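Data first, discussion second: the structure below is written as structure tokens.
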Amino acid sequence: MKTALRGMAALLAMAPPLALAQARSQTAPSPAPPAAFQTPSGNIHCLFRDGRMRCDVVEFAYDVPPRPRDCRGDWGAALSLGPQGPARLVCTSRTIRNEEAFVLGYGARWVGRAITCESDEAGLRCANRAGQGFRVSRSRLEVF
Numbered sequence: 019m020k021t022a023l024r025g026m027a028a029l030l031a032m033a034p035p036l037a038l039a040q041a042r043s044q045t046a047p048s049p050a051p052p053a054a055f056q057t058p059s060g061n062i063h064c065l066f067r068d069g070r071m072r073c074d075v076v077e078f079a080y081d082v083p084p085r086p087r088d089c090r091g092d093w094g095a096a097l098s099l100g101p102q103g104p105a106r107l108v109c110t111s112r113t114i115r116n117e118e119a120f121v122l123g124y125g126a127r128w129v130g131r132a133i134t135c136e137s138d139e140a141g142l143r144c145a146n147r148a149g150q151g152f153r154v155s156r157s158r159l160e161v162f
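So the sequence shown is residues 19 to 162, counted in the working numbering.
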């Protein structure tokens, strides 16, 4: 009985440091989000590089503004958003589509330094700290 009580006392004496270690690990900075992700449908693929978020829509049926005269690549499927300023459509000759990219589930949020993206069943919404960004899905494109 005395041995059991001593063992219990030793266990209780160790509890506060263990609890402190757990508290420290829970408040440690979270790791950086993956640079590339896709929506669960696989229709929208995004890549964060050089401080900008670029998202490509594989299949879309939304209306796009007229193609710029100097655009020789694909038009209407790629969006770019920086830490400041509005989002914009970009003329591209290469896709960033990556079937191996992390899947940002519906209801999940990607949080970077100055840009946040949220995935839901209606599409993807990305915005910078100034509140400028885009909402995109197969059937809808809104730049704000």
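Virtual Cβ for every residue (Gly too), placed ideally from N, Cα, C. The model shown is predicted, which means the values in this text are computed figures rather than measured ones.
Taking 8 Å as the limit between beta carbons, can you name the residues of its chain near R90, skipping five residues before and five after?
C109 and S111
- request: Please report the Cβ distance between H63 and A126, rounded to the nearest whole angstrom; I am assuming they are in contact, meaning their Cβ atoms lie under 8 Å.
  value: Not quite, the Cβ-Cβ distance comes to about 15 Å (not below 8 Å), so this is no contact.
Item to check | Whether G69 touches A132 by CB criterion (9 Å) | outcome: yes
Taking Cβ to Cβ, would you say L159 is nearer than 9 Å to F78?
yes
Which stretch, first to last residue, makes up the beta strand (DSSP E) that contains W116?
Note that residue 116 corresponds to Asn in the displayed sequence, not to Trp. Neither: N116 is in no beta strand (DSSP E) and is coded neither H nor E.
* Asked: Is the beta carbon of A95 less than 9 Å from the beta carbon of V121?
  -> no
In whole angstroms, what is the alpha-carbon distance linking G60 and R85? 25 Å
**Study point:** Neighbourhood of G130 by C-beta, 7 Å cutoff - its chain only, sequence neighbours within 5 removed
**Key:** P51 and F66
Notebook entry, point to check: Taking the alpha-carbon positions, what's the A148 to D138 distance?
Noted result: 22 Å
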